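A quick write-up on the structure given underneath.
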Amino acid sequence: MARQDERPWPIPPRRQRRRLAPGPSTGAPGEETDTDVGVAGRLRLVRPQGRLAFATLDDPSGQVQLFARDGVTADFEQFGKLAIGDWVGARGRVVKTRRGELSVLVERWELLALARRGFGDKWRGVSDTETLLRHRELDLWVGDRTREVLVLRSQVLAALRRALWDRGFLEVETPVLHPIPGGATARPFVTHHRALDLDLYLRIAPELYLKRLVVGGLERVFELGRVFRNEGISPRHNPEFTMLELYLAYADYQDLLGLTEQLVAEVTRAVLGRTTLEVHGRTLDLAPPWRRATMAELVSEALGRPLDVHSPRPVLEEAARGLGLVPEPSWGPGKLLLELYEKAVEPTIVGPLAVLDHPVEVSPLARRHREDPELTERFEVVVAGRELANGFSELTDPEDQRARFEAQARAREAGDEEAMVVDEDYLWALELGLPPTAGLGLGVDRFVMLLADASHIREVIAFPTLRPEAPGA
RNA sequence: GCGCCUCUAGCUCAACGGCAGAGCAACGGACUCUUAAUCCGCAGGUUGGGGGUUCGAAUCCCCCGAGGCGCACCA
0 MARQDERPWP
10 IPPRRQRRRL
20 APGPSTGAPG
30 EETDTDVGVA
40 GRLRLVRPQG
50 RLAFATLDDP
60 SGQVQLFARD
70 GVTADFEQFG
80 KLAIGDWVGA
90 RGRVVKTRRG
100 ELSVLVERWE
110 LLALARRGFG
120 DKWRGVSDTE
130 TLLRHRELDL
140 WVGDRTREVL
150 VLRSQVLAAL
160 RRALWDRGFL
170 EVETPVLHPI
180 PGGATARPFV
190 THHRALDLDL
200 YLRIAPELYL
210 KRLVVGGLER
220 VFELGRVFRN
230 EGISPRHNPE
240 FTMLELYLAY
250 ADYQDLLGLT
260 EQLVAEVTRA
270 VLGRTTLEVH
280 GRTLDLAPPW
290 RRATMAELVS
300 EALGRPLDVH
310 SPRPVLEEAA
320 RGLGLVPEPS
330 WGPGKLLLEL
340 YEKAVEPTIV
350 GPLAVLDHPV
360 EVSPLARRHR
370 EDPELTERFE
380 VVVAGRELAN
390 GFSELTDPED
400 QRARFEAQAR
410 AREAGDEEAM
420 VVDEDYLWAL
430 ELGLPPTAGL
440 GLGVDRFVML
450 LADASHIREV
460 IAFPTLRPEA
470 PGA
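Just so we're aligned, residue 0 is where the first sequence starts under numbering that gives the first Met the number 0, counting upward by one.
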């Protein structure tokens with residue numbers, strides 16, 4: 000077996016690449032240096048020309064030209080047969096061509112991997128969206144944007160973890176397979192455990208398990224993980240997506256909103272170096288403090304008359320119809336107010352804006368507001384018309400929680416497939432005592448979309464869910 | 001889920017009721033400073049799948065499949 004330093008390409012490749020970089024402005028065209036370097040990467044272009052050959056070697060850190068010459072380059076004949084997409088390792092001296100291009104005059108080289116499949120049109124590449132989505136490895140190499148966004152995503156994840164570790168949060172992992180789907184209102188995926196002969200659900204949220212950890216005495220926890228919702232696919236929805244949830248004992252929603260502001264601004268600054276964003280040509284600033292307004296205030300402002308959860312039902316219904324909504328009999332005042340907000344207010348928000356005090360009817364896991372039992376101590380952070388995060392003072396009273404679950408269960412009976420189910424294990428845990436706690440959920444994919452100014456969620460997911468290709472297609 | 005649009009060579013696209021074509025890639029050849037190298041040659045297809053109308057269908061109609069856009073649902 001060859002010793003490492005006898006291989007034609009550098010180990011690791013990246014270190015030697017940097018040694019090549021300093022020269023480009025200093026050397027004169029035609030100059031040959033004594034600097035010996037090794038490079039490795041994938042060929043983007045090959046230009047054989049008789050007893051010379053040029054190839055553009057590409058890797059994430061840049062591009063370098065390989066310059067092969069008959070009599071200098073080993074196996075010159077074979078070098079000219081290299082093709083776009085082949086992986087090549089090469090070693091030689093740094094030179095400048097007569098045209099002034101910094102190059103490696105190849106002495107030894109090796110084919111590291113053969114591209115048996117074409118990489119599309121030399122100039123235009125592959126632009127068929129379907130092919131690119133189904134073969135993201137091709138997309139990654141052909142399109143810079145794809146790679147940049149995935150790098151950004153990784154930086155966001157790292158910055159989130161760092162920010163939370165710095166604040167004493169413990170990262171935990173809770174089950175993905177749930178006997179009862181809970182923690183959110185959404186339709187779940189169902190699967191089956193053979194040995195237990197038991198239906199299990201892919202989690203729609205880690206919330207209930209995380210709060211059970213707080214009951215157990217872990218006062219600051221977070222989980223950064225995949226959740227699954229059996230709903231439609233759209234530019235903003237993938238069936239599996241990444242959510243950050245964190246729980247902070249001895250805190251209420253106001254404290255948590257402050258933390259959320261810090262966290263979002265800190266991560267944005269870590270990744271982009273600034274807190275301002277361009278979204279659809281508009282500039283907004285994620286630096287705290289964010290504007291705060293209650294849902295009732297926002298709805299009243301938008302509709303030009305005072306409305307809240309205590310408004311007479313017919314008044315709310317009429318307002319809903321006025322916006323083209325079709326109120327269902329099962330909707331209470333809280334649901335009506337939420338619908339008004341989502342229709343008339345949310346899409347118009349540039350933000351960042353913290354929407355406060357959601358109706359208790361639509362917040363089955365949030366603590367009742369200290370000033371109005373029909374509301375909860377809850378906030379949603381909205382940026383560019385989309386919800387980025389959702390936080391609230393947690394409901395810690397097991398009696399109230401049982402009543403909320405039962406209300407949800409009734410809605411489920413009435414046909415609402417997204418409504419929750421009574422979770423006895425969770426109630427059992429609450430009966431042990433959950434200290435005052437505030438909890439936050441943040442859609443990581445949405446956050447990355449915002450920072451990358453991406454209009455489709457699939458841009459920020461390496462392998463978005465697609466229907467399998469039809470056999471005949 | 002619903003509506004509209006798209007699907008032709010490996011890739012990017014023409015042909016729009018009358019012999020399926022081009023550029024790039026591939027393959028063979030020429031070329032010692034190229035930058036989407038250039039030049040010569042050669043090959044490449046159940047026109048997404050199935051059915052129908054027609055003397056004749058890539059083209060018109062129907063069904064199916066996948067994708068895109070919009071709406072709905074949400075994070």
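Idealized CB from N, CA, C, for every residue including glycine.
These numbers come from a predicted model, not from an experiment.
Q: Using a threshold of 8 Å, state whether the C-beta atoms of GLU265 and ALA162 are closer than that.
A: Counted from its first residue, the first sequence places residue 265 at position 266. Counted from its first residue, the first sequence places residue 162 at position 163. Cβ distance < 8 Å, so GLU265 and ALA162 count as in contact.
**Q.** TYR208 (DSSP reduced to helix, strand or coil)
**A.** For the purposes of this step, residue 208 is identified with residue 209 of the first sequence, where counting begins at 1. It is helical.
Q) Taking contact to mean at least 3 C-beta pairs separated by less than 8 Å, is the region 415-428 in contact with the region 234-243? A) Taking a contact to require three or more Cβ pairs closer than 8 Å, the region 415-428 and the region 234-243 do not qualify as touching.
Q: Starting from the N-terminal side, write out each stretch of the alpha helix (DSSP H) that is 4 residues or longer and does not extend beyond the region 409-441.
A: For the region 409-441, whole alpha helix (DSSP H) runs of length 4 or above, ordered along the chain, are 423-431.
Q. Which residues in the same chain as ARG411 place their Cβ atom closer than 6 Å to its Cβ, once the five residues preceding and following it in sequence are excluded?
A. Along the first sequence, one-based indexing puts residue 411 at 412. Here the set comprises ALA418.
Q. Cβ-heavy atom distance between VAL38 and the ligand ADP below 7 Å?
A. In terms of ligand content, the structure shown is empty, and the ligand ADP therefore cannot be addressed.
(Q) For ALA158 and VAL220, I'd like the C-alpha separation in whole angstroms. (A) Counting from one through the first sequence, the residue named residue 158 turns up at place 159. Counting from one through the first sequence, the residue named residue 220 turns up at place 221. For ALA158 and VAL220, the distance between alpha carbons rounds to 16 Å.
(Q) What would DSSP say about TRP122, mapped onto helix, strand or coil? (A) Against the first sequence, residue 122 aligns to sequence position 123. Coil, per DSSP.
Q. What did DSSP end up calling ARG166 once you bin it into helix, strand or coil?
A. On the first sequence, position 167 is the one that residue 166 refers to. Three-state DSSP puts ARG166 in coil, outside helix and strand.
Q: Count the other CB atoms, across all protein chains shown, that sit within 10 Å of the CB of TRP427; report buried if there are 16 or more and exposed otherwise.
A: The residue labelled residue 427 in the question sits at position 428 within the first sequence. Exposed is the call here.
Q) Between the beta-carbon of ARG160 and the beta-carbon of LEU81, is there less than 8 Å? A) Counting from 1 along the first sequence, the entry for residue 160 is found at position 161. Counting from 1 along the first sequence, the entry for residue 81 is found at position 82. Taking 8 Å as the Cβ cut-off, ARG160 and LEU81 do not qualify as a contacting pair.
Q. So is GLU338 buried or exposed if we call it buried at 16+ other beta carbons inside 10 Å?
A. Here residue 338 corresponds to residue number 339 of the first sequence, with the count starting at 1. Label assigned to GLU338: buried.
Q.
With a threshold of 8 Å on Cβ separation, who are the neighbours of ARG273 within its own chain once the five nearest residues in sequence on each side are excluded?
A. In the first sequence, residue 273 corresponds to position 274, counting from 1. Closer than 8 Å at the Cβ level, and outside the excluded window around ARG273, lie THR267.
Q: Output yes or no for whether 8 Å exceeds the beta carbon distance between VAL382 and MET294.
A: If you number the first sequence from 1, residue 382 lands on position 383. If you number the first sequence from 1, residue 294 lands on position 295. If you check the CB distance, VAL382 and MET294 do not come in under 8 Å.
Q) Are PHE168 and VAL141 closer than 8 Å when you measure CB to CB? A) Here the question's residue 168 lines up with position 169 in the first sequence. Here the question's residue 141 lines up with position 142 in the first sequence. No, these two residues do not count as a Cβ contact at 8 Å.
Q | alpha helix (DSSP H) segment containing ARG133, residue limits | A | Reading the first sequence from its first residue, position 134 is the one you call residue 133. Taken as a continuous stretch (DSSP letters only), the alpha helix (DSSP H) holding ARG133 covers 128-133.
Q. Span of the beta strand (DSSP E) holding GLY88?
A. Numbered from 1 along the first sequence, position 89 holds the residue referred to as residue 88. Unbroken beta strand (DSSP E) run through GLY88: 86-95.
Q. Between which two residues does the beta strand (DSSP E) containing SER545 stretch?
A. Because the chain here runs from 0 to 472, residue 545 falls outside it and cannot be looked at.
Q) Would TYR208 be called buried (16 or more neighbouring beta carbons within 10 Å of its own) or exposed? A) For this step, residue 208 is matched to residue 209 along the first sequence. Residue burial is scored here from C-beta neighbours: TYR208 has at least 16 other C-beta atoms within 10 angstroms and is therefore classed as buried.
Q) CB-CB under 8 Å to THR282, same chain, minus the five flanking residues each way: which ones, in chain order? A) For the purposes of this step, residue 282 is taken as the residue at position 283 of the first sequence. THR275 and LEU276.
Q: Could you tell me how far apart the beta carbons of PHE66 and VAL105 are, in whole angstroms, since I believe they sit closer than 8 Å?
A: What you label residue 66 is simply residue 67 of the first sequence in a count that begins at 1. What you label residue 105 is simply residue 106 of the first sequence in a count that begins at 1. The C-beta separation of PHE66 from VAL105 comes to about 7 Å, placing the pair in contact by the 8 Å criterion.
Q: Look at LEU137 and VAL150 and say whether their C-beta atoms are less than 8 Å apart.
A: Position 138 of the first sequence, counting from 1, holds the residue named residue 137. Position 151 of the first sequence, counting from 1, holds the residue named residue 150. Inclusion of LEU137 and VAL150 in the CB contact set at 8 Å is not warranted, their separation being larger than that value.
Q. DSSP state of THR347, grouped into three classes?
A. Here residue 347 is taken as the residue at index 348 of the first sequence, counted from 1. Helix, per DSSP.
Q: Name the two residues that bound the continuous alpha helix (DSSP H) containing ALA269.
A: As a working note, residue 269 is residue 270 in the first sequence. Where ALA269 is concerned, the enclosing alpha helix (DSSP H) stretches over 252-271.
Q) In whole angstroms, what separates the C-alpha of VAL93 from that of ALA114? A) Within the first sequence, numbered from 1, the residue matching residue 93 stands at position 94. Within the first sequence, numbered from 1, the residue matching residue 114 stands at position 115. Looking at the backbone, the Cα of VAL93 and that of ALA114 are separated by about 27 Å.
Q.
So, does the region 429-449 touch the region 389-396, judging by three or more C-beta pairs under 8 Å?
A. Judged by Cβ distances under 8 Å, the region 429-449 makes contact with the region 389-396, as three or more pairs qualify.
**Q.** ASP69 - containing beta strand (DSSP E), residue span
**A.** On the first sequence, position 70 is the one that residue 69 refers to. For ASP69, there is no enclosing beta strand (DSSP E), as DSSP marks it with neither H nor E.
Q: Output the boundary residues of the beta strand (DSSP E) element that contains GLY37.
A: For the purposes of this step, residue 37 is taken as the residue at position 38 of the first sequence. Start and end: 31-48.
Q | Limits of the beta strand (DSSP E) - the one that GLY99 falls within | A | Taking the first sequence and counting its residues from 1, one reaches residue 99 at position 100. First-last for GLY99: undefined, no H or E at that position.
(Q) Quick check: what's the CA-CA separation for VAL380 versus PRO287? (A) Here residue 380 corresponds to residue number 381 of the first sequence, with the count starting at 1. Here residue 287 corresponds to residue number 288 of the first sequence, with the count starting at 1. Distance between the alpha carbons of VAL380 and PRO287: 12 Å.
Q. Roughly how far, in whole angstroms, is the beta-carbon of ALA461 from the beta-carbon of ARG135, given that I think they are within contact range, below 8 Å?
A. Residue numbering aside, residue 461 sits at position 462 when the first sequence is read from its first letter. Residue numbering aside, residue 135 sits at position 136 when the first sequence is read from its first letter. Approximately 6 Å separates the beta-carbon atoms of ALA461 and ARG135; this is inside 8 Å, confirming the contact.
Q. How would you label GLN77, buried or exposed, when you count the other beta carbons within 10 angstroms and need 16 or more for buried?
A. On the first sequence, position 78 is the one that residue 77 refers to. Exposed.
(Q) Please classify THR72 as buried or exposed, where buried requires at least 16 neighbouring CB atoms within 10 angstroms. (A) Here residue 72 refers to the residue found at position 73 when the first sequence is read from its first residue. Taking all protein chains in view, the Cβ of THR72 is crowded by 16 or more other Cβ atoms within 10 Å, so the residue is classified as buried.
Q. Expressed to the nearest angstrom, what Euclidean distance is found between the alpha-carbon atoms of LEU110 and TRP86?
A. By one-based count along the first sequence, residue 110 stands at place 111. By one-based count along the first sequence, residue 86 stands at place 87. Those two C-alpha atoms are separated by around 6 Å.
(Q) Excluding the 5 residues flanking PRO47 on each side, which residues of the same chain have their C-beta closer than 6 Å to its C-beta? (A) Stepping through the first sequence from its first residue, residue 47 is reached at position 48. Cβ neighbours of PRO47 beyond the five flanking positions: GLY79.
(Q) Quick check: the Cα distance between PRO187 and GLN64, rounded to an integer number of angstroms? (A) The sequence position of residue 187 within the first sequence is 188, counting from 1. The sequence position of residue 64 within the first sequence is 65, counting from 1. Taking the straight line joining both Cα atoms gives about 52 Å.
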